[in-house]
Structures are given as C-alpha cells and as structure tokens.
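What follows is a single structure, written as structure tokens, with notes after it.
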Amino acid sequence: THATTHETTHATTHTTTHVTTHATTHATTHETTHVTTHVTTHATTHATTHETTHATTHATTHETTHATTHATTHETT
Numbered sequence: 001t002h003a004t005t006h007e008t009t010h011a012t013t014h015t016t017t018h019v020t021t022h023a024t025t026h027a028t029t030h031e032t033t034h035v036t037t038h039v040t041t042h043a044t045t046h047a048t049t050h051e052t053t054h055a056t057t058h059a060t061t062h063e064t065t066h067a068t069t070h071a072t073t074h075e076t077t
C-alpha cells in the first residue's frame, strides 16, 4: 500500500509537472509571438506612414515651389 501510494503520488506529480510545464511553455511562446508580431507590425506601419507622409509632403512642397517660381518668373518676364 505504501509503495503503491508512493509510486502513484510520484507518477501523478511527475505528470502534472510535465503537463503544466508544457502548457505554460506553449502559452508563453504563443503570447510572446503574438505580442512581438503586434508590436513589430505597429512599429513598421507607423514608420512607413511617417516616412511616406514626410516624403510626399517634401516632394509636393518642392514641386509646388518650383512651379510657382517658374510661373511667376515667366509671367514677370
């Protein structure tokens, strides 16, 4: 009885530890991947939007200034 109880307890503890460790590792990996993906996507989107807006604004300003200067010079002449 003692031996059976001892082995049963040992097996149960071992199994519980194994399953809990596996589940925790799986959940942690899943959540870490999810969060990393989310943060990376957000940062990339933010940076892309920022740079695109900056480049577009710069190009638009440059072209508008160029066209205005050209037209003004032409009309003045």
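Per the UniProt record's numbering, residue 1 is the first one in the sequence shown, and the count goes up by one each step. Backbone N, C-alpha and C define an ideal beta-carbon position, used for all residues, glycine too.
What does the alpha-carbon distance come out to for the pair His66 and Glu51?
Locating residue 66 in the sequence shown gives position 66, counting from the first residue. Locating residue 51 in the sequence shown gives position 51, counting from the first residue. Taking the straight line joining both Cα atoms gives about 22 Å.
Through-space distance from Thr29 to His14, alpha-carbon basis:
Residue 14 sits at position 14 when you count from the first residue of the sequence shown. Residue 29 sits at position 29 when you count from the first residue of the sequence shown. His14 and Thr29: Cα-Cα distance of roughly 22 Å.
Nearest-angstrom Cα separation, counted from Glu63 out to His38:
For the purposes of this step, residue 38 is taken as the residue at position 38 of the sequence shown. For the purposes of this step, residue 63 is taken as the residue at position 63 of the sequence shown. His38 and Glu63: Cα-Cα distance of roughly 37 Å.
Go to Thr40, then tell me how far its alpha helix (DSSP H) extends in each direction, as first and last residue.
Numbered from its first residue, the sequence shown carries residue 40 at position 40. For Thr40, the uninterrupted alpha helix (DSSP H) segment begins and ends at His2 to Thr76.
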